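The structure appears right after this line, and notes come after that.
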Amino acid sequence: MGTTEVFADCRSGIPTAQNAVVLVWDTKKRKTIHTSYPWKTEQLIACALSPGGKLIGFGDDKYFLFDLNTRKYEIRKWPGKRVNWSWAVRGSFAGNRYFYGATEEDLFRLDVETDKVVTLAKTSGTMLVRKVSEKQFLFDQEGSVKMLVIS
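Residue numbering for the sequence shown follows this note's numbering, starting at 458 and increasing by one per position.
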């Protein structure tokens, strides 16, 4: 599963597709078996897949959950302040309920059941790198790798 961006043809400058899409790739068939989009856009930013099969992605003032099993979307209003989503490209789920991500200024936890955002730390230049366990995440802060432990 992944997402795409719409680029222009180098010669004409005309976009090569109408919308960026979420795609599902079948590794056995070696082909795309599903494409769709939650809203019309030239770029979709997908961050992580939950253990239960939900892909989370972000837009300017909203986010989506794409269910791999049903192939349906839930589109929700982003409850926090508007951010540059290129900073939230890295993030991880801890179980099916909580998504941990980073913006330019904050490490945050999003509860996808209640849409509540909790700021875990004020920061700058931070990007989540990977989940070590359900309660430990490694992240990069301005070139230095640190660990966040969730209590």
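Glycine included, every Cβ here is placed at the ideal spot set by N, Cα and C.
On a predicted model such as this, the values are computed, not experimentally measured, just so you know.
Per DSSP, the beta bridge partners of residue 557 are 549, 566. Note on the region 465-530: whole beta strand (DSSP E) runs with a minimum of 3 residues are 479-483, 488-493, 502-506, 511-515, 519-524, in chain order. For residue 572, no beta strand (DSSP E) run applies, since DSSP gives it neither H nor E. A buried status is given to residue 511, since no fewer than 16 other beta-carbon atoms sit within 10 Å of its beta-carbon. Looking at 562, 571, 533, 567, the one whose alpha-carbon comes closest to that of residue 578 is 562. When beta bridges are read from the DSSP output, residue 532 appears opposite 521. In terms of Cβ geometry, residue 521 and residue 495 form a close pair [threshold 7 Å].
Distances from the alpha-carbon of residue 559 to those of 571, 587, 482, 532 put 587 closest. In terms of Cα proximity to residue 548, the closest of 534, 593, 518 is 593.
Where residue 601 is concerned, the enclosing beta strand (DSSP E) starts and stops at 601-606. A straight line joining the alpha-carbon of residue 480 with that of residue 513 spans about 13 Å. In this structure, the beta-carbon distance from residue 482 to residue 489 falls below 7 Å. The beta carbons of residue 576 and residue 598 sit about 15 Å from each other, so the pair does not count as a contact at 8 Å. The alpha-carbon of residue 509 is positioned some 21 Å away from that of residue 607. Closest by C-alpha distance to residue 536, out of 567, 526, 485, 523, is 567. In the displayed model, residue 580 falls within coil according to three-state DSSP, outside both helix and strand.
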